[in-house]
Structures are given as C-alpha cells and as structure tokens.
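Here's the structure, in structure tokens; my notes come after.
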Amino acid sequence: MARTRILIVDDEDSIRFGMRDFLEARGYSVADADSCQKARELFEASSPDVAIVDYRLHDGSAMELLRDFKQIDPDVPLIVLTAYGSIDLAVQAVKEGAEQFLTKPIEMPALHVILKRILVNRRLQRQQQVVTTRENRERVDPLAGESPAMRDLAAQLHKIAAADSPILILGETGTGKSLLAKWLHHHGPRADEPFVDLNCAGLSSEFLETELFGHEKGAFTGASATKQGLLEIADGGTVFLDEIGDVDPRVQPKLLKVLEEKRFRRLGAVRERDVDIALIAATHQDLGGRVKEGSFRSDLYFRISSIPLRMPALRERKDDIPLLAGALLARLASNKGRDMRLTVDALQALREYAWPGNIRELRNVLERAVLLCNGDTITRRDLRFEPAPVPMGGHATNLTLQQVERLHIENVLRELGGKVEQASLRLGVPRSTLYQKIKTHGIVVAQNDMG
Numbered sequence: 000m001a002r003t004r005i006l007i008v009d010d011e012d013s014i015r016f017g018m019r020d021f022l023e024a025r026g027y028s029v030a031d032a033d034s035c036q037k038a039r040e041l042f043e044a045s046s047p048d049v050a051i052v053d054y055r056l057h058d059g060s061a062m063e064l065l066r067d068f069k070q071i072d073p074d075v076p077l078i079v080l081t082a083y084g085s086i087d088l089a090v091q092a093v094k095e096g097a098e099q100f101l102t103k104p105i106e107m108p109a110l111h112v113i114l115k116r117i118l119v120n121r122r123l124q125r126q127q128q129v130v131t132t133r134e135n136r137e138r139v140d141p142l143a144g145e146s147p148a149m150r151d152l153a154a155q156l157h158k159i160a161a162a163d164s165p166i167l168i169l170g171e172t173g174t175g176k177s178l179l180a181k182w183l184h185h186h187g188p189r190a191d192e193p194f195v196d197l198n199c200a201g202l203s204s205e206f207l208e209t210e211l212f213g214h215e216k217g218a219f220t221g222a223s224a225t226k227q228g229l230l231e232i233a234d235g236g237t238v239f240l241d242e243i244g245d246v247d248p249r250v251q252p253k254l255l256k257v258l259e260e261k262r263f264r265r266l267g268a269v270r271e272r273d274v275d276i277a278l279i280a281a282t283h284q285d286l287g288g289r290v291k292e293g294s295f296r297s298d299l300y301f302r303i304s305s306i307p308l309r310m311p312a313l314r315e316r317k318d319d320i321p322l323l324a325g326a327l328l329a330r331l332a333s334n335k336g337r338d339m340r341l342t343v344d345a346l347q348a349l350r351e352y353a354w355p356g357n358i359r360e361l362r363n364v365l366e367r368a369v370l371l372c373n374g375d376t377i378t379r380r381d382l383r384f385e386p387a388p389v390p391m392g393g394h395a396t397n398l399t400l401q402q403v404e405r406l407h408i409e410n411v412l413r414e415l416g417g418k419v420e421q422a423s424l425r426l427g428v429p430r431s432t433l434y435q436k437i438k439t440h441g442i443v444v445a446q447n448d449m450g
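For the sequence shown, position 261 (counting from the first letter as 1) is numbered 260 according to the numbering used here, and the numbering increases by one without interruption.
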C-alpha cells in the first residue's frame, strides 16, 4: 500500500529536518521545501495527502500558498504553522482554506495526533464520495414517469414537501419507497441535517431497541461499551424506518413516546434524552389489518400516518417502463464501460411482464441482460425474468414441495434485498440452515449480501 505523502514548507532548516525525521520514522513519505516557489513545484508534482506550511517564508507567505494550493487541488488538507499566533491570523488562515492553525514551537506527538485525525477524516470523506457517486449513478428518480399514477404522487409531494409531520409511505416491495424517503428528506426543511435509515424487517426487539435508542456500557451481556442509537445520530434530521409493520410490539410504545414527547432513554440508562427528529416510515403490509388483529398499536398507526403516500406498483404505470428501463440501462451499462440499447421487441416484453418485484426486479432483469448479452443491443431473447412467485394463500398443486420451498425462500430473500440474516429470522430457521437450503436449491444471492 502506498505511504501517506506529507509536504513540509518551512525556511528554517532545523524545524523542517526535525519534522521530516519524526514523520519518516512513523512511515510517512515526506517532501520538503524552503520557499514558496519550490513548494508550488513539489505540491503539483507530488500530490501530497497533507501539506504543512509555515506562515512566513522569505519569498512570500502561507496565505499566498494556500490560494495556489487550493487552485491545484482543493481537497488536500492544509496545516499552517506560525510563531506569531493571533486570532486574526487564525481566522484569515481558515478563510483561505487551512484545516488547522498551530503555534510554534510544535510538539511533534501533538502534530502526529492532528495529522492522523485529518487523514482519517479525509479517508471517510473519500469513501462517502465513492458511495454517493455510486448511489447517484445507480439511483432512479423516484418521481420519474408521466403516468397518471406518478403525476398524482408528484402533485401530493409538492404540497407536503415543506411539512414536518410523520409520513407513511405505502407500496409493494421494490417500488422505490426508500428512494422516495430520501427525496422527501432532501426536499424538506431538514435537508442539511442527518438522514438515517433502518430496515425493521425480521429484527428482534432487543436488536431493534439498541439500534434505535443505543445502550449504556453494561446494559446487557456483551454491552462492553456505550453505543449511540440512530435517534441520537439523527437529532435535528430525519429517521426513515423501512418495513415499520415488523416493529416488535414491545418496542412500539417506546417509539410512540419519541414521536409524542421527543424524549427517549438508552437501554440501561436512567436519564432521558431530548431528540428532535422527523419520521418517515414505509411498509408493504396492510397496517390497518395489523391494528385489527392486535399486532400493531392503533395510536402508533394514527401517529405515523399523518401524511400517507402510496408508491404505485410498476404494473400500474407501464407507460413509464421505457423511461425507467432506459435510465437504469444507461447506468448499468456505464458501469461496464458500454453503451447499450433495448430493441422495440425487448421494450414490448418489458411492458407485457407483470413485475411482481417492481422496479427492483426491473433493475435485476436489466443487469442480467447487460452481463449475458453478446453485443450492445438487448433483444427479447436476452431478457430473463424471475420465476412467477406462489401467491400467499394460493394453490400450487402442480409444484413439488421442494419447488414451493425454493420459491418461498427466493421471495423472502427478494423482499429483504438479499439479506440472509434477516431472511433466516423471517423464515424461523437458523442462518446455517438457510445457507444450506440456498446451496441445495441453487439460489443465487449476491456475494456482498451473504451476511
């Protein structure tokens, strides 16, 4: 692995050499310059991960260099050193883009701590940029389409975008409920605050509680450290609870308390904490039916459904399929460095299919076609649709018991986005048993979802 590159700019030889020896002894690759001119040349040539610059140099100042460095690479963190520390200088340095402003003499161990923190933050920012770029590349606009169903949804959204009341998104699995939740957050009054999400499907009450509320050290066996819950992390922002119909009845009153009183208590804690969140929930279930059967609290149901929205199934908006398919195909093909298109007969096949898995299934079908297609044109023959699922409560007398088992496992895995651990909880079997059945039936699960 390449070593972290540090650029030191200081016209005092003893300081420059001392810093260089200290950092090189700790595994850093160090370049140093004693003038602004040489510093500019080295910065452009070596592309450092961090630059440490003395405020006063014989041929200029750090402020000039900061502006030049920011033009060359605005993402490189910059540390300014000075023997003339003042608030005005510090403010000026920060305005010019400095990450840190330190007064000489510098304690090397303290500088090392600051360097490590800056590098960790930079790595996290880069990882987030990669994730965001990938998500943006693969994401479908939740409002894409001109069908009557989507026009009605868009009209509702523009009316409630500025609202801060709980929102309940209804719709079948794979319709894009989580994308709609993110759209609502980014177009709402809390857009600049955190957005955190949790899929509640198949989670035990204990796991759900510690994820939402956090816990104190020693709250239960295995709680070796204090943990923040998602509610604390999201304070000021939005919490999205996907498949809220699966929230354990023992957790429901605690969630209701958060919504009504804006207070909660970590597991094992005595003190209550204030929290300010907006809630967006989603479910593919009939929550009204769950209330009637007693598995979902009526007061929580009425509280979370202040603003109900419904994501239409793909079969209800078939006029949007060409647009959706084109957008998805462009993203999938670009990942492979290809430029692909769908023929007229392929588009017709997509319109004729029932899409039980909705947009998620459409993406899977197109991804398979991109991988298996020999050329850059996808025809009807290149499309491989999912086996028809067995309806719940329906009859499948023409199938063997093994076939029914396989279809049921596939349906649950598809519904839970391929997450085997959650699927094992939903199916009521140990994870090892489910892995064996997946292997026996030859069910394909993406590698990064096998856990």
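The C-beta atom is built at its ideal place from N, Cα and C for all residues, glycine as well.
In this structure, the beta-carbon distance from G244 to L286 falls below 8 Å.
Beta-bridge annotation (DSSP): Q99 is paired with I78. For A332, there is no enclosing beta strand (DSSP E); the enclosing alpha helix (DSSP H) covers residues I320 to N334. Listed in chain order, the non-local C-beta contacts of D31 below 7 Å within the same chain comprise I7, R15 and R19, local neighbours out to five positions each way being set aside. Shown here, H184 sits in a helix according to DSSP, grouped into three states. For F68, no beta strand (DSSP E) segment is defined; the enclosing uninterrupted segment is the alpha helix (DSSP H) at A61 to I71. Apart from the 5 residues on each side of it in sequence, F212 sits with its Cβ closer than 8 Å to the Cβ of G228, L230, K253, F263, R264, R265 and L266 in its chain, given in chain order. DSSP places Q91 in the helix class (H, G or I) of the three-state scheme. About 5 Å separates the Cβ atoms of D48 and T3, confirming a contact at the 8 Å cut-off. DSSP links P307 through a beta bridge to L167.
Excluding its 5 nearest sequence neighbours in each direction, D338 has C-beta neighbours in its own chain below 7 Å: A332 and D375, listed in chain order. Per DSSP, reduced to three states, the secondary structure at S297 is helical.
The distance from the Cβ of E215 to that of A268 is about 5 Å, consistent with a contact at the 8 Å cut-off. Looking at E40, E259, D163 and I5, the one whose alpha-carbon comes closest to that of D273 is E259. The DSSP-derived three-state label of H407 is helix. Taken in chain order, the complete beta strand (DSSP E) segments of 3 or more residues contained in the segment 221-268 are 237-241. The beta-bridge partner set that DSSP reports for H157 is empty. Put simply, of S46, Y83 and R302 the residue whose alpha carbon is nearest the alpha carbon of I105 is Y83. D273 carries a strand assignment under DSSP once its states are collapsed to helix, strand and coil.
Contact between the segment 186-206 and the segment 311-330 is absent: fewer than 3 CB-CB pairs across the two stretches fall below 8 Å. A straight line joining the alpha-carbon of C199 with that of L207 spans about 7 Å. With a contact defined as Cβ atoms closer than 8 Å, M62 and G175 miss out at about 49 Å. Excluding residues up to 5 positions away in sequence, D10, L56, H57 and D58 lie with their Cβ nearer than 7 Å to the Cβ of S34 in the same chain.
Each of L323, N410 and R425 was checked against the Cα of P141, and the nearest Cα belongs to L323. Excluding its 5 nearest sequence neighbours in each direction, R296 has C-beta neighbours in its own chain below 6 Å: Q251, listed in chain order. Under the criterion of beta carbons closer than 8 Å, A180 and I279 qualify as touching, at roughly 5 Å. By the neighbour-count criterion, in which 16 or more other beta carbons inside 10 Å mark a residue as buried, T81 falls on the buried side. Rounded to whole angstroms, the gap between the alpha carbons of E242 and T282 is 4 Å.
Counted as a single uninterrupted DSSP element, the beta strand (DSSP E) harbouring F194 occupies residues F194 to N198.
By DSSP's assignment, A368 forms no beta bridge with any residue. Between H407 and the set S431, F384 and I437, the nearest pair of CA atoms involves I437. In the DSSP assignment, R189 forms no beta bridge with any residue.
In this structure, E414 is the residue among L346, I303, A345 and E414 with its C-alpha nearest to the C-alpha of N357. Out of L433, S13, R249 and L361, the CA that lies nearest to the CA of A326 is found in L361. The beta carbon of I159 is closer than 7 Å to those of I306 in its chain, skipping five residues each way along the sequence. The beta carbon of Q36 sits closer than 8 Å to the beta carbons of D58 from its chain, once the five residues preceding and following it are set aside; these are given in chain order.
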